[in-house]
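First residue of the sequence shown: 2, per the numbering used here; consecutive thereafter.
Backbone N, C-alpha and C define an ideal beta-carbon position, used for all residues, glycine too.
Worksheet for the structure shown next.
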Amino acid sequence: MKTITRVVLNILILLSLSLVSLNGFAQEAQHEHHHRHLKYAKIKNPIAKTEKSIAQGRKLYEEHCIACHGEGGKGGIGPELTSSDRIHGSTDGEIFHVITAGVAGTKMKGFKKELTEEMRWHLVNYITSLNKNEINK
Numbered sequence: 002m003k004t005i006t007r008v009v010l011n012i013l014i015l016l017s018l019s020l021v022s023l024n025g026f027a028q029e030a031q032h033e034h035h036h037r038h039l040k041y042a043k044i045k046n047p048i049a050k051t052e053k054s055i056a057q058g059r060k061l062y063e064e065h066c067i068a069c070h071g072e073g074g075k076g077g078i079g080p081e082l083t084s085s086d087r088i089h090g091s092t093d094g095e096i097f098h099v100i101t102a103g104v105a106g107t108k109m110k111g112f113k114k115e116l117t118e119e120m121r122w123h124l125v126n127y128i129t130s131l132n133k134n135e136i137n138k
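Written out as structure tokens, the structure is:
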């Protein structure tokens with residue numbers, strides 16, 4: 002009887018741990034669906050999308066973003082950034098908002114305290130330059 006009780010207890014523990022893991026996965030997965038941040042969609046980028054700005058953004062990307070979003074924005078831990086169809090919106094304002102505030106329930110932290118507003122806009126210029134269709138927007 003003790004053996005059966007121990008087996009049942011072990012099964013219950015494994016099930017509990019599995020549910021905890023699935024809950025964490027579900028929280029991460031819920032942010033994989035596309036949605037917009039319309040409150041920020043119309044915010045205009047005050048930094049012109051010049052080669053100099055894109056180069057500054059690339060340097061910041063390599064320092065702060067490449068570990069999760071991969072070389073050239075091709076993805077990794079975080080989503081790929083080369084498409085104009087981005088998970089949290091594709092306007093400069095939406096991208097700026099995500100960089101600034103992060104995304105709750107994911108590993109994407111906000112960079113408001115680490116990067117100045119100007120630096121975050123340069124980063125937006127670099128990210129949008131990864132999609133060749135957006136360079137002249």
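Residue i Cβ short of 7 Å to the ligand GTP heavy atom set
i, result
"M109", "You won't find the ligand GTP in this model; it holds no ligand whatsoever."
Distance, residue j Cα to residue i Cα
i, j, result
"C66", "V104", "14 Å"
"H89", "M109", "12 Å"
"S130", "E115", "22 Å"
"K45", "E95", "10 Å"
"T117", "G76", "24 Å"
"L124", "Q57", "7 Å"
"I78", "E63", "15 Å"
"G74", "K50", "18 Å"
"T107", "R87", "15 Å"
"R59", "E52", "10 Å"
"S91", "S85", "6 Å"
"P47", "W122", "8 Å"
"A102", "D93", "14 Å"
Contact under 8 Å by Cβ, residue i with residue j
i, j, result
"M120", "L82", "no"
"N126", "I55", "yes"
"I100", "F112", "yes"
Reference residue i, options the options, closest by Cα
i, options, result
"R37", "P47, I48, F97", "F97"
At least 3 beta-carbon pairs within less than 8 Å: the segment 38-52 vs the segment 61-79: no
Starting from the N-terminal side, write out each stretch of the alpha helix (DSSP H) that is 4 residues or longer and does not extend beyond the segment 51-127. 52-65, 67-70, 93-102
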